[in-house]
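Written out below as structure tokens is the structure these notes cover.
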Amino acid sequence: MSSVRAPIAAIWNFFPAFMSEFPLMTSTEPPKVYKGSQERIYEFDFNDTLKLERKGNTYHIRNKTFTVKPGKEVEVTETVRETTKVRPFFVNITLVGYFGIKLSTRGDEPGSYVFCVTGLPCAHLKKTGADEMTFEVIGTFEEHYPVSAITLTTQRLKRRIKRMLRWLPTQKSNFI
1 MSSVRAPIAA
11 IWNFFPAFMS
21 EFPLMTSTEP
31 PKVYKGSQER
41 IYEFDFNDTL
51 KLERKGNTYH
61 IRNKTFTVKP
71 GKEVEVTETV
81 RETTKVRPFF
91 VNITLVGYFG
101 IKLSTRGDEP
111 GSYVFCVTGL
121 PCAHLKKTGA
131 DEMTFEVIGT
141 FEEHYPVSAI
151 TLTTQRLKRR
161 IKRMLRWLPT
171 QKSNFI
């Protein structure tokens, strides 16, 4: 096991689809590919969560077994690089209960419709009973994780010994 700690992260980026008068909480498990977090369930509020980031550190664990032939020397080099993988995802949310639409101003637009969803009776909302409204929330899931590689460089010991023997006599002559 290497003593080098490398950063690892999971990032969800949401593109907001609506606003509501109460928290729209949902929970999900991280994709099976991502095993960097100790948390098994993530909770989101789709009203205000634009970016959810989980960061941590991990040790590089590489179990590599190799055989060295007699008369050879092997140099082992481990290189580590960071990799980012981005995958799109979408979530369908179905809401049942009271619904309404309010006209509100947003930014430099003269006015835009913003969905107002609530589970409580309000004066400006009509009861829709068991009617359902479905939204699709889209976003991206990013993974930042280290990738390590081991390189083996083999040298012949005989050549190395010959070079050392050539060097030794010249050194002795300088001292005499």
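Start counting the sequence shown at 1; every next residue gets the next number (UniProt numbering). C-beta atoms are modelled at their ideal positions from N, C-alpha and C, and glycine is treated no differently.
query                                                                                                                                                                      : result
For V76 versus L152, is the C-beta spacing smaller than 8 Å?                                                                                                               : yes
Between which residues of its own chain and K72 is the CB-CB distance below 8 Å, once the five residues before and five after are set aside?                               : T154, Q155, R156 and L157
Taking all protein chains shown into account, do 16 or more other C-beta atoms lie within 10 angstroms of the C-beta of I8, making it buried, or fewer, making it exposed? : buried
Round the Cβ separation of E142 and T84 to the nearest angstrom and send it over; I've been treating them as touching at under 8 Å.                                        : 6 Å
Can you tell me whether P70 is helix, strand or coil according to DSSP?                                                                                                    : coil
Between A10, S148, K55 and F89, which has its C-alpha nearest I138's C-alpha?                                                                                              : F89
CB-CB under 6 Å to K55, same chain, minus the five flanking residues each way: which ones, in chain order?                                                                 : A9
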